Amino acid sequence: MKLLQAKSLKGTIEVPADKSISHRSIMFGAIAKGTTTVKNFLRGEDCLSTLNGFKKLGVPIIDDGEVITIEGVGFDGLKAANEAIDLGNSGTSIRLMMGIVAGAPFTTTFFGDEYLNRRPMNRVMAPLRQMGAHLNGNAQTEYPPITIQGTTQLQPIHYEMPIASAQVKSAILFAALQAKGTSTIIEKEPSRNHTEQMIKQFGGQIAVEDKTITITGPQALTGQTVIVPGDISSAAFFLVAGAIMPNSEITLKNVGINPTRTGILDVLEKMGANYHLSEIDSINESATITIQTSQLKATTIEGSDIPRLIDELPIIALLATQAKGTTIIRNAEELKVKETNRIDATCEELSKLGANIEPTDDGMIIHGPCQLHGGNVDSRGDHRIGMMLQIAALLTDEVVELTKAEAVAVSYPHFFDDVKSLIQNEA
Numbered sequence: 022m023k024l025l026q027a028k029s030l031k032g033t034i035e036v037p038a039d040k041s042i043s044h045r046s047i048m049f050g051a052i053a054k055g056t057t058t059v060k061n062f063l064r065g066e067d068c069l070s071t072l073n074g075f076k077k078l079g080v081p082i083i084d085d086g087e088v089i090t091i092e093g094v095g096f097d098g099l100k101a102a103n104e105a106i107d108l109g110n111s112g113t114s115i116r117l118m119m120g121i122v123a124g125a126p127f128t129t130t131f132f133g134d135e136y137l138n139r140r141p142m143n144r145v146m147a148p149l150r151q152m153g154a155h156l157n158g159n160a161q162t163e164y165p166p167i168t169i170q171g172t173t174q175l176q177p178i179h180y181e182m183p184i185a186s187a188q189v190k191s192a193i194l195f196a197a198l199q200a201k202g203t204s205t206i207i208e209k210e211p212s213r214n215h216t217e218q219m220i221k222q223f224g225g226q227i228a229v230e231d232k233t234i235t236i237t238g239p240q241a242l243t244g245q246t247v248i249v250p251g252d253i254s255s256a257a258f259f260l261v262a263g264a265i266m267p268n269s270e271i272t273l274k275n276v277g278i279n280p281t282r283t284g285i286l287d288v289l290e291k292m293g294a295n296y297h298l299s300e301i302d303s304i305n306e307s308a309t310i311t312i313q314t315s316q317l318k319a320t321t322i323e324g325s326d327i328p329r330l331i332d333e334l335p336i337i338a339l340l341a342t343q344a345k346g347t348t349i350i351r352n353a354e355e356l357k358v359k360e361t362n363r364i365d366a367t368c369e370e371l372s373k374l375g376a377n378i379e380p381t382d383d384g385m386i387i388h389g390p391c392q393l394h395g396g397n398v399d400s401r402g403d404h405r406i407g408m409m410l411q412i413a414a415l416l417t418d419e420v421v422e423l424t425k426a427e428a429v430a431v432s433y434p435h436f437f438d439d440v441k442s443l444i445q446n447e448a
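Counting in the working numbering, the sequence shown runs from 22 upward without gaps.
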């Protein structure tokens with residue numbers, strides 16, 4: 022696919038609904054008792070994988086195109102699927118659902134596409150095994166297909182997280198809700214807290230103090246209404262585009278600003294970006310964000326910053342190519358086990374367009390500013406790499422051809438249309 026180019030960007034868009042909250046809205050609706058309604062659900066491929074997965078586990082779900090209605094069955098109402106459940110490309114679906122079915126009195130097998138089936142699952146399998154579930158990967162490995170033989174006798178756990186991962190944490194929390202007794206999870210660094218927030222929203226009890234999470238099971242949850250805000254991870258592409266494109270101003274409506282997710286805003290501020298928030302809604306943790314062309318300076322991104330912007334690091338790397346000085350990203354090993362090895366993918370694909378960027382064991386070093394040029398690039402089946410490369414292409418005067426552009430639909434089905442709507446003096 023030939024990517025779009027532009028002289029400047031101006032306009033207002035509303036980014037798709039938050040992917041993390043959309044996934045969890047289906048999960049919590051399924052394991053709660055009673056009716057849950059979900060508004061502004063993200064109908065991207067990953068979240069639809071979660072929705073279809075729970076249908077196969079016997080949960081009645083109706084999507085009328087506007088509102089999703091889930092007739093929750095509780096943990097004890099889930100039924101064995103008639104076949105292995107295909108979760109497509111979605112790491113969130115498989116890892117969190119492993120924690121849910123760990124407490125079920127039946128066996129479930131999850132698998133995905135060629136990319137998901139190369140992603141390691143031992144980080145979830147290990148704690149769930151400690152809690153009493155039996156899990157096996159393909160040919161006794163840690164890769165999907167993963168078969169989980171659940172048990173109604175799950176044991177509580179005291180678990181010190183070896184990595185900062187909201188997916189691993191959430192899988193343990195879903196299992197702990199079913200275990201008899203008190204579980205404690207100690208995070209390496211605080212990661213996104215949507216699961217903890219939604220446990221409370223659905224009537225559950227959970228205590229969080231600094232990096233220590235305490236939860237006592239078993240618990241029963243009650244159906245709720247969920248209104249999903251826009252996804253800041255999707256907004257990040259346009260925040261960067263607005264900052265690096267000449268003579269540009271972009272307004273993003275209804276963007277989620279949960280504090281565990283706003284690392285991208287902190288980085289923009291440190292690098293001198295010109296943006297501001299308005300229409301702040303503290304209840305739904307959302308706001309309107311406006312960003313303008315900015316003079317950017319390099320920074321260092323590390324430590325506790327990383328879990329709050331892990332999905333945004335590829336587009337932040339592009340941002341850094343347009344900043345004055347050397348930007349260093351470190352402590353980001355988690356990027357190696359995303360849809361692709363995002364450290365290598367980001368560095369190799371941006372280098373094809375002329376970026377001065379090098380991978381390290383746990384991050385990247387980016388020297389800026391760089392003049393980008395045309396070339397042939399590949400999303401590698403990773404939606405965030407594909408979107409980042411489209412924003413990079415906007416800066417060039419030469420043709421950029423993207424292979425596997427369809428990967429973008431995983432989280433942002435109308436991404437290219439939204440880019441096009443902002444282009445001024447289309448090249």
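Each residue gets a CB set at the ideal place from its N, CA and C atoms; glycine is no exception.
These figures come from a predicted structure and were not determined experimentally.
Alpha carbon of residue i to alpha carbon of residue j, nearest angstrom
i, j, result
"Val-288", "Ala-101", "45 Å"
"Leu-117", "Leu-443", "36 Å"
"Ile-378", "Lys-318", "16 Å"
"Met-409", "Ile-312", "17 Å"
"Glu-92", "Phe-75", "11 Å"
"Ala-448", "Cys-391", "Here the model assigns Ala-448 a pLDDT of 44, short of 50, so the residue's position is not dependable and the matter cannot be decided."
"Lys-291", "Ala-413", "21 Å"
"Glu-354", "Arg-329", "14 Å"
"Thr-56", "Gln-245", "7 Å"
"Gln-170", "Asp-302", "43 Å"
"Asn-61", "Asp-85", "12 Å"
"Ala-53", "Lys-221", "12 Å"
"Val-429", "Tyr-296", "26 Å"
"His-435", "Ser-254", "15 Å"
"Thr-113", "Ala-376", "31 Å"
"His-404", "Gln-151", "34 Å"
"Gly-277", "Ile-83", "25 Å"
"Gln-26", "Ile-331", "27 Å"
Close beta carbons around residue i, own chain, < 6 Å, minus the five adjacent residues each side
i, result
"Leu-63", "Pro-37, Ala-38, Lys-40 and Ser-43"
"Gly-109", "Glu-66, Ser-70, Gly-133 and Asp-134"
"Ser-299", "Thr-309"
"Ile-121", "Phe-195"
"Glu-419", "His-394 and Gly-395"
"Thr-205", "His-179 and Thr-235"
"Ile-34", "Asp-439"
"Ile-327", "Asn-352 and Ala-353"
"His-155", "Gln-170"
"Thr-203", "Pro-177 and Thr-237"
"Ile-106", "Gly-74, Lys-77 and Phe-131"
"Thr-321", "Ile-349"
"Asn-159", "Pro-166"
Beta-carbon proximity list for residue i, same chain, < 8 Å, skipping 5 on both sides
i, result
"Val-189", "Arg-116, Arg-144, Val-145, Pro-148 and Met-182"
"Gln-218", "Asn-279"
"Gln-184", "Reading off the sequence, residue 184 comes out as Ile, not Gln. The residues are Arg-144, Lys-209, Glu-354 and Glu-355."
Contact set for residue i: own chain, Cβ-Cβ below 7 Å, skip 5 residues either direction
i, result
"Leu-30", "Ala-262, Gly-263, Met-266, Ser-269, Ile-271, Leu-443, Ile-444 and Gln-445"
"Ala-257", "Ile-285, Glu-333 and Ile-336"
"Gln-316", "Gly-293"
"Lys-232", "Ile-207, Glu-208 and Pro-211"
"Val-229", "Glu-217"
"Glu-163", "Pro-141, Met-142, Asn-143 and Met-146"
"Arg-139", "Tyr-164"
CB contact flag (residue i, residue j, <8 Å)
i, j, result
"Asn-275", "Glu-306", "no"
"Ile-387", "Thr-417", "no"
"Thr-243", "Phe-259", "no"
"Leu-374", "Val-398", "yes"
"Leu-24", "Val-431", "no"
"Gly-389", "Ile-364", "no"
"Thr-216", "Gln-226", "no"
"Val-88", "Val-59", "yes"
"Ala-459", "Met-119", "Here the chain has residues from 22 to 448 only, and residue 459 is not among them."
"Leu-198", "Pro-239", "yes"
"Ile-304", "Thr-367", "no"
"Val-249", "Ser-46", "yes"
"Gly-50", "Ala-241", "no"
Assumed close pair residue i, residue j - CB separation to whole angstroms, cut-off 8 Å
i, j, result
"Thr-281", "Pro-211", "6 Å"
"Ala-196", "Gly-124", "6 Å"
"Leu-175", "Gly-153", "5 Å"
"Asn-362", "Glu-323", "Not quite, the Cβ-Cβ distance comes to about 19 Å (not below 8 Å), so this is no contact."
"Thr-130", "Thr-168", "5 Å"
"Ala-344", "Leu-371", "Ala-344 to Leu-371, Cβ: 14 Å. No contact."
Minimum length 4: unbroken alpha helix (DSSP H) runs contained in the region 224 to 288: Runs found: 253 to 265.
Whole beta strand (DSSP E) elements within the region 350 to 386, 3-residue minimum: If we require 3 residues or more, the beta strand (DSSP E) runs fully inside the region 350 to 386 come out as 377 to 381.
Secondary structure, beta strand (DSSP E): runs of 3+ residues fully inside the region 298 to 341: With a minimum length of 3 residues, the continuous beta strand (DSSP E) runs that stay inside the region 298 to 341 are 307 to 313.
Those runs of the alpha helix (DSSP H) which lie wholly inside the region 98 to 147 and span at least 4 residues: Entirely contained in the region 98 to 147, the alpha helix (DSSP H) runs reaching 4 residues are, in chain order, 112 to 122.
Those runs of the beta strand (DSSP E) which lie wholly inside the region 161 to 227 and span at least 3 residues: Fully enclosed beta strand (DSSP E) runs of 3 or longer: 167 to 170, 179 to 181 and 202 to 207.
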